[in-house]
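If you count by mature numbering (1 follows the signal peptide of the UniProt record, and there is no 0), then the sequence shown holds residues -24 to -1, 1 to 1086, one letter each, in order. Each residue gets a CB set at the ideal place from its N, CA and C atoms; glycine is no exception.
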Amino acid sequence: MGLANGDHLLHLIFHAWFLLLCHARSTSVERSTYIVHMDKSHMPKAFASHHHWYSSTVDSIKSAGPTKSSSHQTTPNLVYTYDNAFNGFSAVLSKDELETLKKSPGFVSAYTDRTVTLDTTHTFEFLSLNPVTGLWPASDYGKDVIVGVIDTGIWPESKSFNDYGMTEIPTRWKGKCEEGQDFNSSLCNLKLIGARSFNKGVMAANPNITISMNSPRDTTGHGTHTVKPCVEVSVHKNVAPASTFSRNVKNYQNPRSRSVCTHCGLPGHTVDKCYKLHGYPPGYRQSARTRTPSVNQVSASSNGFDEASNGPNSTPQFPFTQEQCNQLLSFLQNSSQQPSAVNAIANSLSLSGIVNSPDHVFKMTNSWIVHRSMSVERSTYIVHMDKSQMPKAFASHHHWYSFTVDSIKSAGPTKSSSHQSTPNLVYTYDNAFHGFSAVLSQDELETLKKSPGFVSAHTDRTVTLDTTHSFEFLSLNPVTGLWPASDYGKDVIVGVIDTGIWPESQSFNDDGMTEIPKRWKGKCEEGQDFNSSLCNLKLIGARSFNKGVIAANPNITISMNSARDTDGHGSHTSSTAAGNYVEDASYFGYALGTARGVAPRARVAMYKVIWDEGRYASDVLAGMDQAVADGVDVISISMGFDRVPLYEDPIAIASFGAMEKGVFVSSSAGNAGAFSGLLHNGIPWVLTVAAGSIDRWFAGTLTLGNGLTITGWTMFPARAWVIDLPIIYNKTISACNSTELLSNVPYAIIVCDNTEIFYTQLGYLSRSNAAAGIFISDDPEIIEFSDFYYPGVVISPKDALAVIKYVESSNKPTASMKFQQTIVGTKPAPVVATYTSRGPAPSYPGILKPDVMAPGTLVLAAWIPNAYTSNIGSNIRLSSDYSVDSGTSMACPHASGIAALLKGAHPEWSPAAIRSAMMTTASPADNTLNHIRDSGLNFKNASPLAMGAGQVNPNGALDPGLIYDATPQDYVNLLCSMNFTKNQILTITRSNSYSCSSPSSDLNYPSFIALYTNQTGILVQKFQRTVTNLGDGATTYKAKVTAPVGSVVTVWPETLTFEKKYQKQNYSLTIHYMSDKNGTETFGSLIWIEDGDKHTVRSPIVISEVTRVW
């Protein structure tokens, strides 16, 4: 039976395309940077050093053909060699070259370079340009340069976009000003030359959604804010109102377009998008007063991808065997082929549009139709394609992608979140990258993966805009305890792996410092705006590592090619750990006093691995590797890698080598918030640090006209004049969320109800005529961050009752405010911070992480002076030599400084002994002598999965009584129990000298965690521990157990007797627990109490549901 004319044409096109697929192969390959682990014991004696061996190995690899490289390398290229933290190198290689390398003697493992996540996000920087000389006049102020802004849209009426002084639009411009809702083409001009909007992705994921502002008009403020008034501007709106924004960004909806939900009564959304009714979007963080379980409350790492292939560097696989090609060609050449023949071919053929599966039945009409009884769901996927594989039969990439999607037929009716009954093309891309987005089922995606040219795919996801966190400060006793015992950390060297350092900061002056230890092997590298004379007796080393960034971006220009800090993060963490004394330091009058690091007489060495241009694992590895070689005693690293196993985690790998050489590594737990199982740096041989508050309050006082004074929270960065002004409380405007309603308020103090997000109210009030605001709130997140750019104070709902009563009962109520006050000794403190990441550790849940908690909220420390740290209103930006910020990045250097002090007091202690002393003496109690509370979980008692053993106690750690020590072989025994391959273990350990003859998941650790599943039933887990007596002579300890609720815990023996110092004793602890299906988490403790209560040695016990493992 023949084909119709139209069908015949399609038949010929498909025939031609398929011939090309069968006979064409691309010889080009792509290159990427790989981190390669080598077994140094295999190095031939002919090589003088590891560097020569690795260089020769890379040089000997020749590609199979010409390359098409993302790194623009035409031959294999060595990036770094490593020989201290681990053995190996990083190099730019093609996939084929990597396969060749795997056959080389000594090869252990390799993986692609990846980006690193800092535990505070970057701050916005402010740049001042000179109108007389330099870039502004040289560029004619950017005349005729066109900036395309991908953002939330634009408010075209803003005076920032008037075209005064602008010349004619360049003739090369091809864009346009799209008409749309509340937006017509006349709103564009010689400044705003283009405006478009893109929301097909939103609509594909939510087919029944109503776009509240279907045009390029901005409804959040973010896009309008990011556009700079220097050049021609074209705005491309691609962030819908449903996108998630970080909490600190000042984004406010246009009040004239705000709707009101009929379900919850709150403004800004309608009932079909009400979070309280339908659940919160992924990554949304509620305030403590509103945090309740919801149907869609999910948290995910900001830098994670769920790749649907081997990744963007994988080589596309040709889908057909030669036999399959011959079968299909035979069919195509016979236009009278019967359906039965098609079915026979279908049994062996894997083709876009044909699913080779026994539960599918194929029928032939004018096209193949695939049926299946079970329903499938569809989602929007972003698909990356290799354009070099496009058949010549297609005139453009769009036709190719469209044909590819159209050729995929579903196996049957669908149950789709996108309500699409067939695959649907959403966008095609050909500039920023090659590929398309489409609505597909999982089966259709699997079929698509077999298509020629397929590279990778991942699900569409909401976009998150970035904001900053703040810092904290910790003080030690100068009379007794760890400071004098360690001589304030004298001659201990702290290596900081970070964003660089501002060497001129007074925190790095060398007043009172002695000569540099002779064992120091490091140096102060020269570089851009950085010469060796900037180092001194305090800052003894500074190096930078950016070959990984450059390898990934060969034509990039490094904006600050030296160890100088351009972010502030590295200067802050360095001064927190080991900064010198600086008098009269403050953050705009707050926290005024003498700043100092935890170990003020320790030395600092900076290893800059984080750049404005990128952050890569190869650079982090190089920095840690060099720090070990230079002779540091402590490594402080306030960053981490998410969703990588231990054998691919650069920090885990490098820290193992550091631990072997006696170097203590302190790391941050991450800032993923109060969701379980998102902690990073859950590495058994490093210290993992959570963040908490300190007993300090940055205050403003509110004095009412009747004399009542209320202390509130504020960080307004100026001594504002708010004296005897009228105070207004009017329920019509008290939501403080409407510019229109606030437009008529007089110059007075406005009381804002606890009905709207504080930062939203702050923004609206700042645009009104109000003099200041009183904000009623009990949200704990407000007091963790420093953004407060308009005069006002935050008071509690309890204190608000007195304020409202006074206003409503007085004829002429007045009030005054004072700012820049600091109150210490506040209670309760510490509390677990809302942002700190929680365990169990997904890299290895069998070890309880985090280990300890340290101050991390609003820490005062050094900052870079050429970036702004605060602002008043929207156009006054302020800089400071010292800043406050919050994060586990701030907690980590506190623990690093304490470790440096312990190293100074006890130089013979191993890294495990130092960690043990810090953990077993940590306190689970706050300054009210009650259990520490968790501000991220409505102030319930904090779990060890949030705070570890508790708040670190430096003076207690000086004399811990007993310690839990561990050797490198103990950690190897743990690795051997993890189902890792020999090469994966070798990637971490670097040496075949370790034995796997005694694998054990029971590491001699100062804490206990037992994990259960829904199917566990009765859980019984036994732990074996060995403790070492550090007391001066004979002594006895007795066990005191507080069993987790619902469990029975037994310890044997219950008494440990020691006859001398350094004697070891063993004991066992057994947990019996009936698991449940509710995911219950419960905790308790074991305390060994010495006779006479001289020492108490405490270990937390946790029973938790098992978590996902990376």
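query, result
"Residue 1087 burial status per 10 Å Cβ neighbour count (16 or more: buried)", "Missing from the structure shown is residue 1087; the chain here goes from -24 to 1086 and no further."
"Length of the line joining the Cα atoms of residue 674 and residue 1080", "37 Å"
"Beta-bridge pairing of residue 582 - partner residues as DSSP gives them", "472, 518"
"Residue burial classification, residue 911 (beta-carbon count within 10 angstroms, cutoff 16)", "buried"
"Span of the alpha helix (DSSP H), counted from its first residue to its last, around residue 891", "887 to 896"
"8 Å contact criterion, which residue 481 and residue 838 should meet: CB distance rounded", "4 Å"
"DSSP bridge partner residues for residue 794 (one or two, in chain order)", "677"
"Residue span of the alpha helix (DSSP H) that contains residue 29, given as start and end", "26 to 35"
"Residue 504 versus residue 483: straight-line alpha-carbon distance, rounded", "21 Å"
"Counterpart residues of residue 768 in DSSP-defined beta bridges", "749"
"Spatial distance of residue 118 from residue 167 (CA atoms)", "12 Å"
"Status (buried if at least 16 other CB within 10 Å, exposed otherwise) for residue 70", "buried"
"Segment contact, 8 Å Cβ cut-off, at least three pairs: the stretch 578 to 597 with the stretch 506 to 525", "yes"
"Span separating the alpha-carbon of residue 872 from that of residue 18", "36 Å"
"Own chain residues within Cβ distance below 8 Å of residue 784, not counting five before or after", "705"
"Distance CB(residue 742)-CB(residue 691) smaller than 7 Å", "no"
"Chain C contact for residue 1021 (CB, 7 Å cutoff)", "Absent here is chain C; the protein component of the structure consists of one chain."
"Nonlocal neighbours in the same chain, by C-beta distance under 7 Å from residue 1088, ignoring five residues either side", "Any question about residue 1088 goes unanswered here, given that the chain covers just -24 to 1086."
"Euclidean distance between Cα positions of residue 1078 and residue 679", "47 Å"
"Residue 925 - DSSP class collapsed to helix/strand/coil", "coil"
"Beta-carbon separation (whole angstroms), residue 86 vs residue 13, contact threshold 8 Å", "7 Å"
"Straight-line gap, residue 1066 to residue 901 (C-alpha atoms, nearest Å)", "20 Å"
"Residue 866 versus residue 543: straight-line alpha-carbon distance, rounded", "14 Å"
"Residue 1096 classed as buried or exposed, judged by whether at least 16 other C-beta atoms fall within 10 angstroms", "Outside the shown range of the chain (-24 to 1086) lies residue 1096, about which nothing can therefore be said."
"Residue 553 beta carbon less than 7 Å from that of residue 573", "yes"
"Local conformation of residue 1068 per DSSP, three classes", "helix"
"Proximity of residue 1064 and residue 1013 at Cβ, strictly below 7 Å", "yes"
"Alpha carbon of residue 734 to alpha carbon of residue 753, nearest angstrom", "7 Å"
"Closest Cα partner of residue 1034 within the set 1011, 1055, 1056", "1011"
"Cβ contact (3+ pairs, closer than 8 Å) linking the stretch 1046 to 1057 and the stretch 963 to 976", "no"
"Closest by C-alpha distance to residue 758, when choosing among 811, 792, 791", "811"
"Exposed unless 16 or more other CB atoms sit within 10 angstroms - verdict on residue 806", "buried"
"Buried or exposed (CB count within 10 angstroms, at least 16 for buried), residue 1074", "buried"
"The stretch 825 to 839 / the stretch 630 to 641 touching (three or more Cβ pairs under 8 Å)", "no"
"Three-state class that DSSP yields for residue 18 in the structure shown", "helix"
"Range covered by the alpha helix (DSSP H) that runs through residue 420", "418 to 425"
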